[in-house]
Structure formats: structure tokens, C-alpha cells
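Undergrad: full-length UniProt numbering puts the first residue of the sequence shown at 1, with every later residue one more than the last.
The structure that follows is given in the form of C-alpha cells.
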Amino acid sequence: MIQKKKKVLTWQVRKFLWRLRSYAKSSSSSVLEICVKWILRHIFTLAILLRDSFKEYSNDNAFQHGAALSYYAVFSLPPMLMVIIYSLGFFMGQENVKMEVLGYLTKMLGAGVAERFSQAIEHLQSQESSGRSALLGIGTLLFGSTVLFYSLQSSINIFWKVRPRIKQGILQVAWARLRSFAMVVTIGFIVVLSLIVETLVLTMDRFLSEFFLVSDFFSGFISYLSSFFHELGSFVISVLFFSIIFKYLPDAKVKWKDVWLGAIFTTVLFKLGQGLIDWYISQSNFSDFYGAAGFIMVLLTWVFYSSQILFFGTEFTFVVAKKFERDIQPSPFAVKIERTERELESRPETNASTE
């Protein structure tokens, strides 16, 4: 019964999209109708892209990849934060970077989780070692900080139907880890850019307030203008961050046009979904159910739902490139994965026969 209703719903959606396309392709000389057709044509294209993206998202088991990424985040975030603090501490001072990073964690995950990470960072900073112990500690720190992005790289490779070659040399493995480490440092520079944007917005707010002598009308207008530029700067920085992930993290070659489209789409989804994620976390009393482990559940929940937004944006980028015949190609050290319907249908039978 459910399968029958699903087929009827799918047929109705296809019929509606077909009517939109037919109306959009019909000829007319009216300027208004031409504008309406242009809008409908793009709505139809977007609907097709979203439908295909959801199919890829479902077929690639994005939930499973999100669960793995959340698990790795628990072990990777403390050393990753340490690398960010140490790398940017030369320019801004370690305490300033630490306060800025903890401020972002407080906004995203709450004061309780930020306090736990602060304690973990202080514990790592207090460890004094020398000789082999120091080298081992540095190696562990660098390896742990790259685990999260190495897992993300593997997931995007699967979504984009590429994988590294089976026989990899030491240089290829080192290059993959180096890219993951570069993403960690990139997050640090994103933090610096965010700090610069906030400083510029505050400076502009102060200058305009003094220039217009802060009347009631201009006070509200200046506050609105400052909020607008702050959100605009945050949006641009997010687009830049996602574009770097799509372009340089996976073992694939993708056109910049598709990268920008995917990054903008992912940023819009992230901005829309972030409020829902924050609301869900604030309404869920994890500490009441899990006690001292509540902060871990908050972290797992935030990373999992955020990863689903990123994965859907990744699938959208893949579908856009395929739709406009700019297929994503593997890098020189990777190969393309070809999957057929026959392979997918025969997989359960193969598993049953092996059992």
C-alpha cells in the first residue's frame, strides 16, 4: 500500500514538473510572461537537480558517513584545536587565538562543551616532554588533527565516484595527510578572517555612530547595517571555506564553476539548517540523560547534522557537474568508480549466497 502511494506521488510530481517545463517552453511576446517562463524554467531545473541530489544522497548512505565523521570528531577536535592555536599563535598570540576559538565553540555548541574543550586544551598544553617523547607527542598531535578531514576526504571521494589507486606509495599517502593538515590550518585562517570582519564591522559601526550623532532613526539603521555586513562577511567566508573543501580535499578534478555553485548552495543550506540544529540542541537536555557524557552527545549531534548538510551539498555539486556535462574526473593518483543498476541489484543476492 505504501509502495503504491509512493508511486502515485512520484507520478504527480513528474506531471507537475512536465507542465512547468511545457509552459516555460511555450512562445509568447509578453515581457511579463517571458520573465515568468524564465523563472519557471530555472525552478524546474532546480527541482530536477534537487531530486537527483537526493537520489545520490540516499544511494551513497550519507547517514553512515555522517556517523563515522561524528565519531572521528570526538578524537580529532582537541588536537586540531591545538594545531590551530599553535600555528596562529605566532601571529596573534596563543591566548588570543584560544579565546577566539572557544568563543566560536560557545556559539555553536554551548558554554558547557566549550568549557570541556578548554580543559582538554589546557591539559595538552601542560604536558612537558623532551627527546623521543616530544617527537612522539608532536606526531600524535599532527596525526590526530588530520583524522577528521581524512575521513571527510574519503566520504567525498565516494560521493563523487572516485577513489585512490589501490597501490599507493609513501608520497601519495603523505600527500593525502598533508592536504588534511592544510585544511586544519585553513580553519585557523578562517577564524582570523572572521575576526578581521568583526573588527571592521565594529569600526564601521563606531564611525557611523559618531558621524550621525546617534539619533533614534540612524541608531536603528546603523545597527541593521552592521548586522547586514556581519552576515554578508560570514556568508562569503563560508562560501570560501566550502569551495576550498570541494576543490582541494577530494581526489578529484572539478571545474571552478561547479565548485562555486556547490559552495554557495551548501552555505545557504548551512545557514538555514544551523538555526534548526542549534534549536534542537538547546531543547534536548543531553546532560539529564547522559550525565557527564552529555557534552560528547552534543558534539556528536552537531557534527552529524552539520555533516548531512555538507554531504547533500557535495551531492548537489556532483549532480550539477554531471547535468551540464562537466563530469568530475579523478586526479592522477585516483581512478573513477563505475556503478551500474545490475551491480546494485545483485549485491543482496551476493551477500545471501556468501552467507
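Ideal Cβ placement from N, Cα and C applies to all residues, glycine included.
Keep in mind it's a predicted model, so treat the numbers as computed, not measured.
By Cβ distance, which residues of its chain are closer than 6 angstroms to Val254, with the 5 residues on each side in sequence left out?
TA: Here residue 254 refers to the residue found at position 254 of the sequence shown. Contacts found: Ile328.
Undergrad: Among residues of its own chain, excluding the 5 on either side of Leu77, which ones have a beta-carbon nearer than 8 angstroms to its beta-carbon?
TA: As a working mapping, residue 77 is identified with position 77 in the sequence shown. Only Phe117, Leu148 and Leu299 meet the Cβ criterion.
Undergrad: Is it the case that the stretch 275-286 contacts the stretch 247-261, given that we only count it when at least three CB pairs across the two stretches are under 8 angstroms?
TA: At 8 angstroms Cβ cutoff, the stretches do not touch.
Undergrad: Enumerate in chain order the residues of its own chain whose CB-to-CB distance from Glu56 is below 8 angstroms, with the five nearest sequence positions on each side excluded.
TA: Within the sequence shown, numbered from 1, the residue matching residue 56 stands at position 56. Excluding residues within five positions, the ones whose Cβ falls inside 8 angstroms are Phe159, Glu315, Phe318 and Val319.
Undergrad: Per the contact definition of three or more C-beta pairs closer than 8 angstroms, is the stretch 64-71 in contact with the stretch 83-93?
TA: At 8 angstroms Cβ cutoff, the stretches do not touch.
Undergrad: In whole angstroms, what is the alpha-carbon distance linking Ile162 and Ile190?
TA: Taking the first residue of the sequence shown as 1, we reach residue 162 at position 162. Taking the first residue of the sequence shown as 1, we reach residue 190 at position 190. This sequence places Val at residue 162; Ile is not what is there. Rounded to whole angstroms, Val162 to Ile190 spans 28 angstroms at the Cα level.
Undergrad: Between Val197 and the rest of its own chain, which residues show a CB-CB distance below 6 angstroms, the 5 nearest in sequence each way excluded?
TA: For the purposes of this step, residue 197 is taken as the residue at position 197 of the sequence shown. Closer than 6 angstroms at Cβ, skipping near neighbours: Gly233.
Undergrad: Going by DSSP in three states, Arg326 sits in which element: helix, strand or coil?
TA: Counted from its first residue, the sequence shown places residue 326 at position 326. Three-state DSSP puts Arg326 in coil, outside helix and strand.
Undergrad: Do Phe333 and Arg165 have their CB atoms nearer than 7 angstroms?
TA: The residue given as residue 333 occupies position 333 in the sequence shown. The residue given as residue 165 occupies position 165 in the sequence shown. Taking 7 angstroms as the Cβ cut-off, Phe333 and Arg165 qualify as a contacting pair.
Undergrad: Run through DSSP, which three-state label would Val268 get?
TA: Here the question's residue 268 lines up with position 268 in the sequence shown. Of the three classes helix, strand and coil, the one that applies to Val268 here is helix, per DSSP.
Undergrad: How far does the alpha helix (DSSP H) with Pro79 in it reach, from first residue to last?
TA: The residue labelled residue 79 in the question sits at position 79 within the sequence shown. It spans Ala62 to Met92 - the alpha helix (DSSP H) in which Pro79 sits, taken as one unbroken run.
Undergrad: Does the distance from the C-beta atom of Thr267 to that of Val303 stay below 7 angstroms?
TA: Stepping through the sequence shown from its first residue, residue 267 is reached at position 267. Stepping through the sequence shown from its first residue, residue 303 is reached at position 303. The answer is no: Cβ separation not under 7 angstroms.
Undergrad: Excluding the 5 residues preceding and the 5 following Gly66 in the sequence, name in chain order all residues of the same chain whose CB lies nearer than 7 angstroms to its CB.
TA: Residue 66 sits at position 66 when you count from the first residue of the sequence shown. Cβ within range, chain order: Phe304, Ser307, Gln308 and Phe311.
Undergrad: Go to Pro164, then tell me how far its beta strand (DSSP E) extends in each direction, as first and last residue.
TA: Residue numbering aside, residue 164 sits at position 164 when the sequence shown is read from its first letter. It spans Val162 to Pro164 - the beta strand (DSSP E) in which Pro164 sits, taken as one unbroken run.
Undergrad: Nearest to Tyr224 by alpha carbon, out of Val236, Phe241, Met204 and Asn157?
TA: Position 224 of the sequence shown, counted from the start, is the residue given in the question as residue 224. Measuring from the Cα of Tyr224, the nearest candidate turns out to be Met204.
Undergrad: Would you grab the beta carbon distance between Tyr248 and Arg179 for me? Rounded to a whole angstrom, and I think it's under 8 angstroms.
TA: On the sequence shown, residue 248 is found 248 positions in, with the first residue counted as 1. On the sequence shown, residue 179 is found 179 positions in, with the first residue counted as 1. Confirmed, about 6 angstroms.
Undergrad: Can you name the residues that DSSP bridges to Ala47?
TA: Looking up residue 47 in the sequence shown gives position 47. In the DSSP output, where bridge partners are listed per residue, Ala47 has none listed.
Undergrad: Going by CA-CA distance only, name the one from Met183, Phe181, Phe221 and Ala263 that's closest to Gly313.
TA: Taking the first residue of the sequence shown as 1, we reach residue 313 at position 313. Measuring from the Cα of Gly313, the nearest candidate turns out to be Ala263.
Undergrad: Relative to the C-alpha of Ala293, which residue among Asn157, Met99, Val113 and Phe54 is closest?
TA: For this step, residue 293 is matched to residue 293 along the sequence shown. Comparing Cα-Cα distances from Ala293 to each of Asn157, Met99, Val113 and Phe54, the minimum goes to Val113.
Undergrad: Can you tell me which of the three DSSP states Gly98 falls into?
TA: Taking the first residue of the sequence shown as 1, we reach residue 98 at position 98. Going by the sequence as given, residue 98 is Lys instead of Gly. The answer is helix: DSSP assigns Lys98 an H, G or I state.
Undergrad: Keeping to the same chain, check which residues put their C-beta closer than 8 angstroms to that of Ile84; ignore five residues upstream and five downstream.
TA: Your numbering for residue 84 matches position 84 in the sequence shown. Correct list, in chain order: Val97, Val101, Val184, Val185, Ile187, Gly188 and Val191.
Undergrad: In this structure, does DSSP put residue 383 in helix, strand or coil?
TA: No statement about residue 383 is possible, as the shown extent of the chain runs from 1 to 355 and does not include it.
Undergrad: So, are the CB atoms of Ser145 and Met80 less than 7 angstroms apart?
TA: If you number the sequence shown from 1, residue 145 lands on position 145. If you number the sequence shown from 1, residue 80 lands on position 80. Contact flag set, yes.
Undergrad: Apart from the five residues on each side of it in sequence, which residues of its chain come closer than 6 angstroms, Cβ to Cβ, to Gly273?
TA: Here residue 273 refers to the residue found at position 273 of the sequence shown. These residues qualify, in order along the chain: Ile309.
Undergrad: Taking Ala334 as part of the beta strand (DSSP E), name the residues at either end of that continuous run.
TA: If you number the sequence shown from 1, residue 334 lands on position 334. Looking at the DSSP string, the run of the beta strand (DSSP E) that includes Ala334 is Ala334 to Lys336.
Undergrad: Apart from the five residues just before and just after Ile156, which ones in its own chain have a Cβ nearer than 6 angstroms to its Cβ?
TA: Indexing the sequence shown from 1 puts residue 156 at position 156. Hits under 6 angstroms: Pro250 and Thr314.
Undergrad: Thinking just about the alpha-carbon of each residue, which of Leu142, Phe221, Glu122 and Pro330 is nearest to the one in Glu95?
TA: Within the sequence shown, numbered from 1, the residue matching residue 95 stands at position 95. Of the listed residues, the one whose Cα sits closest to Glu95 is Glu122.
Undergrad: Check whether the Cβ atoms of Met194 and Ile244 lie closer than 7 angstroms to each other.
TA: For this step, residue 194 is matched to residue 194 along the sequence shown. For this step, residue 244 is matched to residue 244 along the sequence shown. Note that residue 194 corresponds to Ser in the displayed sequence, not to Met. Cβ atoms of Ser194 and Ile244: not closer than 7 angstroms.
Undergrad: Name the residue from Ala321, Phe235 and Phe295 whose alpha carbon lies nearest to the alpha carbon of Phe246.
TA: By one-based count along the sequence shown, residue 246 stands at place 246. Measuring from the Cα of Phe246, the nearest candidate turns out to be Ala321.
Undergrad: Check Gly275 in the structure and name its three-state DSSP category.
TA: Sequence index remark: in the sequence shown, residue 275 carries index 275 (1-based). Looking at Gly275 - three-state DSSP - the assignment turns out to be helix.
Undergrad: Looking only at its own chain, which residues have a Cβ that is under 7 angstroms from the Cβ of residue 357, when we skip the five neighbours before and after it?
TA: The structure shown does not extend to residue 357, since the chain spans only 1 to 355, so no value can be given for it.
Undergrad: Among Phe207, Asp60 and Phe75, which residue has its Cα nearest to the Cα of Tyr150?
TA: Taking the sequence shown and counting its residues from 1, one reaches residue 150 at position 150. Nearest option by C-alpha distance: Phe75.
Undergrad: Please state the DSSP three-state secondary structure of Gly188.
TA: Residue mapping note: residue 188 aligns to position 188 of the sequence shown, counting from 1. Gly188 falls in the helix class under three-state DSSP.
Undergrad: Closest by CA to Thr199, which one among Phe229, Ala182 and Phe181?
TA: Here residue 199 is taken as the residue at index 199 of the sequence shown, counted from 1. When only C-alpha atoms are compared, the closest one is Phe229.
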